[in-house]
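Protein chains in written order, with the working numbering: chain Y, 1099 to 1429; chain C, 1099 to 1429.
Protein chains: 2
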Amino acid sequence: MTQVNEGAVDLVQVIRGDMVESVHRGHAVICDESGEVIEAWGNPSAMIYPRSSCKMVQALPLLESGAGAHLTTAQLALCCASHEGQTEHTSAVDAWLRDIEMSDADLRCGSHMPYSEDAKADLIRAGKKPCQLHNNCSGKHAGFLTLSKHLGAGPEYVEPDHPVQLAVRRAFEEVTGMESPRYGIDGCSAPNFATRLDGLGHAMGLFAAAREGQGARQDAMVKLTRAMGEESFFVAGDGRACTDLMRAMGGKVAVKTGAEGVFVAILPELNRGIALKIVDGGTRAAEATIAALLVHLGALDAAAPVAQRLTYGPISNCRKKVTGHYRVTLA
Amino acid sequence: MTQVNEGAVDLVQVIRGDMVESVHRGHAVICDESGEVIEAWGNPSAMIYPRSSCKMVQALPLLESGAGAHLTTAQLALCCASHEGQTEHTSAVDAWLRDIEMSDADLRCGSHMPYSEDAKADLIRAGKKPCQLHNNCSGKHAGFLTLSKHLGAGPEYVEPDHPVQLAVRRAFEEVTGMESPRYGIDGCSAPNFATRLDGLGHAMGLFAAAREGQGARQDAMVKLTRAMGEESFFVAGDGRACTDLMRAMGGKVAVKTGAEGVFVAILPELNRGIALKIVDGGTRAAEATIAALLVHLGALDAAAPVAQRLTYGPISNCRKKVTGHYRVTLA
């Protein structure tokens, strides 16, 4: 097994004044329609946890089973989301749970303050604590519950041996093209299956190559990829990298971040998938690198504000003075 | 000039389940009473910005000039602080500014939401915006203003050619033992002078070796180091690594964090100084490494809760399930 730091290369510099202050290393792969790596930086064999970047994979059994046939585009986007906890997100998940005759109490994701500063301030002003709906993963969990109900399975759907997670693991191993040697427990308590970076890239390549009418798997992949692009607000929220990147690409590309410096992209028009991991887990570097790779593939305009912001900055301080910038060093 | 990532070594692993998920590299030095490196990890020549870790150096001219002769221990601690913006911090800086017939309007640090979640919630509930007093650097700036007034200098005390910053630069170069090749603008708009990691370690060694009655510089060093240890709440705040570490060591050691993964320690009883930089800027790794080095030197009990928390964790999720832990890999 290749440890995550083996063979990593410098990907992003953080510059202050005219000096490099910090450097992020990592690995990145671009995969073709068969899931094969066609371009790589660092070590494609690095073993990683995809974290939230693989939510579209975790949603495959929901659709392939038929349990999610009735779901709206926004609900499918929420399945793949790490949302901001804005009212639009929480009320959509709440309504979905009521549709399946369930509630916040059936969720097993736990609660945390919403990522959205506005939503957080609203809760504070109302003297309320966050509920599980505010958890950035609540949409994924609503999907798990929908599948669990369809399967007639028990309430502890985040247990690794629960039918929902067994189905997720099977789909995960099929699309990554390799057995997962282990899992970790994610922030939302669901198992997160480990794979090599090129396994995650393989999955993204297959998602990109999926076409309708080629069976349940490809139908599911197409629906999820489209839903992410079309309802990108529900995948993250206002001002977040995922939403802004998808908006800048007209919804034609699906991108998804994961904790600890993971990022993926699905580019159906180009038949390409991207997966990357920053070794130190740095989000700013994962965002800079995915934006640079999207520009590299011609999918994102280098002059788009979000491309500029993520790959360069500038970085400014409390008095709005520019203090530095990023430099992506993909060679 | 040695770029920050040259010769860095692995310092901290982040483990999820039984697999290394992320790794932080960096450099660390332990210096003796003459400022010489006696133990090192990575590359002592790495060029860094000390950021807020050098606030005790930036405060030297305030004391050496006599301008700060009347300051209380808490005020001296605030000079060296990156405080939480709790009411105790902001009201102490406010009172200090009134003492010198100045106000928030004279500060040039800019404002940001207080780091303290409680203080932030208080502001939100009151419908107020943060002022410059809430800036984590407001104590350092009160010190700058006190010196500026003493010197009869102009109001723009963060300009690099202002008498205050010229004095800071002189002191900085003297205690680091080397010329600073450049500066960057810090988050609080003050210039932050670059040095090699062993330069920062050199300064910490001299602070540790300083004794009273050996001239203005050593007197200033002793007062600042003692103030940090004795009034550690004012250096950071409840629950923060700096405050908790100093409390756990009975105030006998001064420690200070800096943005982008810098941490220093001054150990007068052992005549040792520590400086470290995490290449990717990761705070969690800087905290884990400083705690491990303090344990290594016998200054911090490995069983102390703060030592356990910073060097191991455990890391838990929204449902308080343990998902992983840290592992400091100092070899």
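Heads up, the beta-carbon is just placed ideally off N, CA and C, and yes, glycines get one too.
Can you grab the Cα-Cα spacing for the pair residue i / residue j, in whole Å?
i, j, result
"Met1326/Y", "Pro1228/Y", "25 Å"
"Val1262/Y", "Ala1240/Y", "12 Å"
"Ser1414/Y", "Arg1407/Y", "11 Å"
"Arg1268/Y", "Val1155/Y", "10 Å"
"Thr1170/C", "Val1377/Y", "45 Å"
"Leu1161/Y", "Ala1167/Y", "6 Å"
"Ala1144/C", "Ile1388/Y", "28 Å"
"Gln1316/C", "Ala1306/C", "10 Å"
"Val1110/C", "Glu1199/Y", "46 Å"
"Glu1131/C", "Thr1355/C", "21 Å"
"Ile1364/C", "Ala1301/C", "9 Å"
"Lys1238/Y", "Ser1180/Y", "8 Å"
"Leu1249/Y", "Cys1178/C", "60 Å"
"Gly1422/Y", "Glu1310/Y", "46 Å"
"His1210/C", "Asp1202/C", "13 Å"
"Gly1105/C", "Asn1141/C", "5 Å"
"Ala1334/Y", "Lys1375/Y", "19 Å"
"Phe1291/C", "Lys1350/C", "28 Å"
"Arg1123/Y", "Ala1224/Y", "42 Å"
"Pro1159/Y", "Gly1337/C", "43 Å"
"Leu1304/C", "Val1273/Y", "59 Å"
"Ser1287/Y", "Asn1233/Y", "11 Å"
"Leu1392/C", "Glu1358/C", "20 Å"
"Val1426/Y", "Ser1151/Y", "21 Å"
For residue i, go through chain C and note every residue whose CB falls closer than 8 Å to its CB, in chain order.
i, result
"Tyr1410/Y", "Residues of chain C passing the Cβ test: none, with the nearest at roughly 17 Å."
"Gly1285/Y", "Asn1415, Cys1416 and Thr1421"
"Ser1209/Y", "Cys1416"
"Gly1380/Y", "Asp1378, Gly1379 and Gly1380"
"Asp1108/Y", "Asn1103"
"Arg1425/Y", "The premise fails here: Arg1425/Y is roughly 12 Å from chain C at the closest Cβ pair, so nothing lies under 8 Å."
Starting from residue i, find everything on chain Y with Cβ-Cβ shorter than 7 Å and list it in chain order.
i, result
"Val1068/C", "Nothing about residue 1068/C can be read from this structure; chain C reaches only from 1099 to 1429."
"Tyr1281/C", "Gly1115"
"Val1102/C", "Val1118, Glu1119, Ser1120 and Val1121"
"Arg1223/C", "Ile1222 and Arg1223"
For residue i, go through chain Y and note every residue whose CB falls closer than 9 Å to its CB, in chain order.
i, result
"Glu1358/C", "Val1112, Arg1114, Glu1119 and Ser1120"
"Tyr1147/C", "Arg1114, Gly1115, Met1117 and Glu1119"
"Asp1192/C", "Simply none; closest approach about 18 Å."
For residue i, name the three-state secondary structure that DSSP assigns.
i, result
"Leu1374/C", "strand"
"His1260/Y", "coil"
"Thr1399/Y", "One detail in the question is off: residue 1399/Y reads as Asp in this sequence, not Thr. Correct three-state label for Asp1399/Y: coil."
"Lys1419/C", "coil"
"Ser1151/C", "helix"
"Gly1282/Y", "strand"
"Glu1277/Y", "coil"
"Ala1352/Y", "strand"
"Val1266/C", "helix"
"Ala1157/Y", "coil"
"Ile1198/Y", "coil"
"Cys1129/C", "strand"
"Leu1109/Y", "strand"
"Met1344/Y", "helix"
"Arg1315/C", "helix"
"Arg1294/C", "strand"
"Arg1407/C", "helix"
"Gly1124/Y", "strand"
"Ser1163/C", "coil"
"Thr1170/Y", "coil"
Using the beta-carbon count (16 or more within 10 Å), is residue i buried or exposed?
i, result
"Lys1218/C", "buried"
"Pro1279/C", "exposed"
"Asn1369/C", "exposed"
"Gln1312/C", "exposed"
"Lys1153/C", "buried"
"Pro1366/Y", "buried"
"Arg1382/Y", "buried"
"Ile1283/Y", "buried"
"Met1347/Y", "buried"
"Val1256/C", "buried"
"Pro1148/Y", "buried"
So which residues on chain C does residue i lean against when the C-beta distance must stay under 9 Å?
i, result
"Arg1294/Y", "Under the 9 Å cutoff, chain C gives no residues; its nearest Cβ is about 12 Å from Arg1294/Y."
Quick one: does the C-beta of residue i sit closer than 6 Å to a heavy atom of the ligand MG?
i, result
"Glu1137/C", "Ligands in the displayed structure: none, and consequently the ligand MG is not present."
Starting from the beta carbon of residue i, find every residue of chain C whose beta carbon is closer than 7 Å, and list them in chain order.
i, result
"Asp1342/Y", "Within chain C, no residue comes near Asp1342/Y; the closest Cβ sits about 22 Å away, beyond 7 Å."
Cβ closer than 8 Å: which chain Y residues qualify as neighbours of residue i?
i, result
"Ala1219/C", "Ile1222"
Is there contact between the stretch 1311-1331 of chain C and the stretch 1105-1119 of chain C, where contact requires at least three CB pairs shorter than 8 Å? no
Does the stretch 1186-1205 of chain Y come into contact with the stretch 1288-1298 of chain Y, if we say contact requires no fewer than three beta-carbon pairs (one atom in each stretch) closer than 8 Å? no
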